[in-house]
Amino acid sequence: MKPVLPGATVGVLGSGQLGRMFAIAARRMGYRVHTFSPDADTPTGQVADLEVIAPYDDLDAVGRFASAVSVVTFEFENVPGPTAQAAAQHAPVRPKGEVLHTTQHRIREKTFLTNAGLPLTPFRTVLTSEDLARAVADLGCPSILKTADFGYDGKGQVRVTSPDQAGSAWSAIGRAPAVLEAFIDFEKEVSVVAARGADGAYADWGVIENRHRNHILDISIAPAAIADAVSCHARELTRSVLEALDVVGVLCVEFFVEPGGRLRINELAPRPHNSGHLTFDASVTSQFEQQLRAVCGLPLGSTELLRPAAMANLLGDVWKNGEPNWLAALAHPDVKLHLYGKLAPRPGRKMGHLTAIAPDSALALNRVLSARSALVS
Numbered sequence: 073m074k075p076v077l078p079g080a081t082v083g084v085l086g087s088g089q090l091g092r093m094f095a096i097a098a099r100r101m102g103y104r105v106h107t108f109s110p111d112a113d114t115p116t117g118q119v120a121d122l123e124v125i126a127p128y129d130d131l132d133a134v135g136r137f138a139s140a141v142s143v144v145t146f147e148f149e150n151v152p153g154p155t156a157q158a159a160a161q162h163a164p165v166r167p168k169g170e171v172l173h174t175t176q177h178r179i180r181e182k183t184f185l186t187n188a189g190l191p192l193t194p195f196r197t198v199l200t201s202e203d204l205a206r207a208v209a210d211l212g213c214p215s216i217l218k219t220a221d222f223g224y225d226g227k228g229q230v231r232v233t234s235p236d237q238a239g240s241a242w243s244a245i246g247r248a249p250a251v252l253e254a255f256i257d258f259e260k261e262v263s264v265v266a267a268r269g270a271d272g273a274y275a276d277w278g279v280i281e282n283r284h285r286n287h288i289l290d291i292s293i294a295p296a297a298i299a300d301a302v303s304c305h306a307r308e309l310t311r312s313v314l315e316a317l318d319v320v321g322v323l324c325v326e327f328f329v330e331p332g333g334r335l336r337i338n339e340l341a342p343r344p345h346n347s348g349h350l351t352f353d354a355s356v357t358s359q360f361e362q363q364l365r366a367v368c369g370l371p372l373g374s375t376e377l378l379r380p381a382a383m384a385n386l387l388g389d390v391w392k393n394g395e396p397n398w399l400a401a402l403a404h405p406d407v408k409l410h411l412y413g414k415l416a417p418r419p420g421r422k423m424g425h426l427t428a429i430a431p432d433s434a435l436a437l438n439r440v441l442s443a444r445s446a447l448v449s
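Quick note: my numbering has the sequence shown finishing at residue 449, numbered continuously throughout.
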């Protein structure tokens with residue numbers, strides 16, 4: 073494909089913090105950035121050259137938006153499929169709409185992974201109450217019921233602790249199409265963020281360990297403390313996913329690591345990922361610059377980790393007693409602050425993150441946790 077060179081305009085469907093960091097990386101390399109979403113004064117819009125405000129189902133507006141840019145990408149996977157299709161009539165969309173179609177719906181995603189022979193958590197499709205009863209009988213309890221659409225950060229998920237509780241669990245998610253997943257007694261959750269160019273070139277940032285709180289990512293640590301063989305296998309599986317989907321761009325594969333090192337794929341995210349935010353400060357090339365390079369047809373950059381790093385999310389809860397103590401946190405000289413420009417802090421809402429770098433990952437973790445604690449001291 074013909075490269076989209078610096079000076080061109082890149083379009084972003086979506087306008088959250090991932091788009092914001094993408095836009096910062098793109099503008100640093102001399103690109104202009106337009107963003108499209110239904111909202112105004114957004115994290116991406118605050119740093120983009122143009123913020124287009126329109127509903128995603130206004131396909132005429134989508135067409136005008138795409139006509140004014142050289143390439144379109146997206147920063148979250150819940151962009152409607154018809155929106156991506158409408159944009160593709162006027163500019164290349166990368167990753168392509170078919171990737172979005174597969175990964176934004178759990179049934180399609182898990183069916184794809186199964187057909188590709190990739191290891192994942194045992195699951196059953198739930199469309200009816202009869203499906204749910206059979207699924208519970210097959211997989212046992214506890215198990216996890218998840219909506220097929222629009223699930224992230226623990227939303228649309230209910231634990232099924234006994235067969236007689238299954239009906240109420242399904243009612244809790246609106247009796248919508250869903251998957252029931254077997255409960256996995258895992259040792260760790262890890263992720264691999266990777267990029268693939270139009271020429272098939274591949275690069276990843278190694279394995280990152282993730283720790284969650286209330287189903288929301290809390291801490292990421294790189295490199296993950298896992299056996300070399302497990303790390304290599306995770307990276308091989310990730311490459312298989314990107315090649316099977318024919319991704320051009322960035323995609324994250326989330327894994328459960330079971331006792332003994334067995335890996336199971338949990339979910340896919342067809343864009344930069346929260347666990348990869350630490351690459352902004354700790355790697356030669358961040359996940360956001362790499363997304364730009366891939367979708368623009370440029371050579372991929374080095375993903376070398378310059379120093380071990382740890383990232384801590386800042387949720388709206390940090391503001392519960394007033395403005396955080398930024399000076400105390402920034403008194404830690406090896407800690408970087410990233411705020412997303414969101415105007416209203418709410419409990420559970422991702423408002424920013426801290427990244428610490430250090431000679432080893434344990435020290436990086438200690439530094440980032442100390443800095444975050446200082447915010448509310």
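Built from N, CA and C at the ideal position, the CB exists for glycine as well.
Practice prompt. Quick one: residues in its chain with C-beta nearer than 6 Å to the C-beta of Arg311, no 5 flanking neighbours on either side, listed in chain order?
Written response: Tyr274
Worksheet item: Of the residues Leu199, Glu376, Glu259 and His162, which one's Cα is nearest the Cα of Ile298?
Response: Glu259
Worksheet item: Which runs of the beta strand (DSSP E), 3 residues or longer, sit entirely within the stretch 137-180?
Response: 143-146
Worksheet item: Regarding Arg231 and the ligand NAP, is the C-beta to nearest heavy atom distance less than 7 Å?
Response: Ligands displayed in this structure: none; no statement on the ligand NAP is therefore possible.
Worksheet item: Is Glu376 buried or exposed, if buried means 16 or more other CB atoms sit within 10 Å of its CB?
Response: exposed
Worksheet item: In terms of DSSP beta bridges, what is Met383 paired with?
Response: Ser292 and Thr427
Worksheet entry | 4-residue-minimum alpha helix (DSSP H) runs that sit fully inside the stretch 225-310, ordered along the chain | 238-244
Item to complete: Let me know if Met93 comes out buried or exposed under the rule of 16 or more other beta-carbons within 10 Å of its beta-carbon.
Response: buried
Worksheet item: If you draw a straight line from the alpha carbon of Ala366 to that of Asn393, how long is it in whole angstroms?
Response: 42 Å
Discussion item. Beta-carbon within less than 7 Å of Ala270's beta-carbon, same chain only, minus the 5 sequence neighbours each way: which residues are those?
Written reply: Met73, Val320 and Gly369
Fill in: Contacting residues, own chain, Cβ-Cβ under 8 Å from Val198 (five flanking each side not counted)
Leu204, Ala207, Leu217, Trp242, Pro249, Ala250, Val251 and Leu252
Worksheet item: In or out: Ala58 buried (at least 16 other Cβ within 10 Å) or exposed?
Response: No information on residue 58 is available, as it lies outside the stretch 73 to 449 that the chain covers here.
Worksheet entry | Own chain, CB closer than 7 Å to Leu402, minus 5 neighbours either side, in chain order | Leu409
Worksheet item: If you run the structure through DSSP and keep just helix, strand and coil, what is Lys414?
Response: coil
Fill in: Reduced DSSP secondary structure (H/G/I, E/B, other) of Arg196
strand
Item to complete: Give me the Cα-Cα distance between Ala384 and Ile291, rounded to the nearest whole angstrom.
Response: 5 Å
Worksheet item: The alpha helix (DSSP H) with Thr81 in it runs from where to where?
Response: No alpha helix (DSSP H) holds Thr81; the beta strand (DSSP E) holding it covers Thr81 to Leu85.
Worksheet entry | CB of Leu386 within 8 Å of CB of Gly348, strictly | no
Worksheet item: Candidates Phe137, Ile337, Gly373 and Glu395: which alpha carbon is nearest Phe184's?
Response: Ile337
Practice prompt. Tell me where the alpha helix (DSSP H) around Ser445 begins and ends.
Written response: Ser433 to Leu447
Worksheet item: In its own chain, which residues sit with a C-beta less than 8 Å from the C-beta of Val232, not counting the 5 before and 5 after it?
Response: Val208, Cys213, Pro214, Ser215, Ile216, Leu217, Ala238, Ala241 and Leu252
Discussion item. Here's the rule: buried if 16 or more other CB atoms are within 10 angstroms of the residue's CB, otherwise exposed. What is His284?
Written reply: exposed
Practice prompt. Would you check if the distance between the CB atom of Ala436 and the CB atom of Ala428 is smaller than 8 Å?
Written response: yes
Fill in: Between the CA atoms of Arg247 and Asp236 - distance to the nearest angstrom
16 Å
Worksheet item: Between which two residues does the alpha helix (DSSP H) harbouring Glu202 extend?
Response: Ser201 to Leu211
Worksheet item: Mind checking if Gly153 is an interface residue toward chain B, Cβ cutoff 8 Å exclusive?
Response: You won't find chain B in this structure, because it holds only one protein chain.
Fill in: Entirely enclosed beta strand (DSSP E) segments - the stretch 76-130, minimum 3 residues
81-85, 104-109 and 122-125
Fill in: Of the listed residues Ala95, Trp391 and Val322, nearest to Leu422 (C-alpha basis)
For clarity, residue 422 is Lys in the given sequence; the question names Leu instead. Residue Trp391 is the option with its Cα nearest to Lys422.
Worksheet item: In terms of DSSP beta bridges, what is Asp221 paired with?
Response: His177
Fill in: Between the CA atoms of Gly153 and Ala140 - distance to the nearest angstrom
20 Å
Item to complete: Evaluate Glu395 with the Cβ neighbour count: other Cβ atoms within 10 Å of its Cβ, from every protein chain shown; 16 or more gives buried, anything less gives exposed.
Response: exposed
Discussion item. Taking the alpha-carbon of Pro164 as reference, which of Pro75, Ala434, Asn346 and Ala254 has the nearest alpha-carbon?
Written reply: Pro75
Worksheet entry | Every unbroken alpha helix (DSSP H) inside the stretch 308-347 [4 residues or more] | none
Discussion item. Assuming contact is defined by CB atoms lying nearer than 8 Å, are Ser263 and Asn282 in contact in what I supplied?
Written reply: yes
Worksheet item: By DSSP, does Lys182 sit in helix, in strand, or in coil?
Response: helix
Worksheet entry | Distance between Pro127 and Cys304 (C-alpha atoms, nearest Å) | 42 Å
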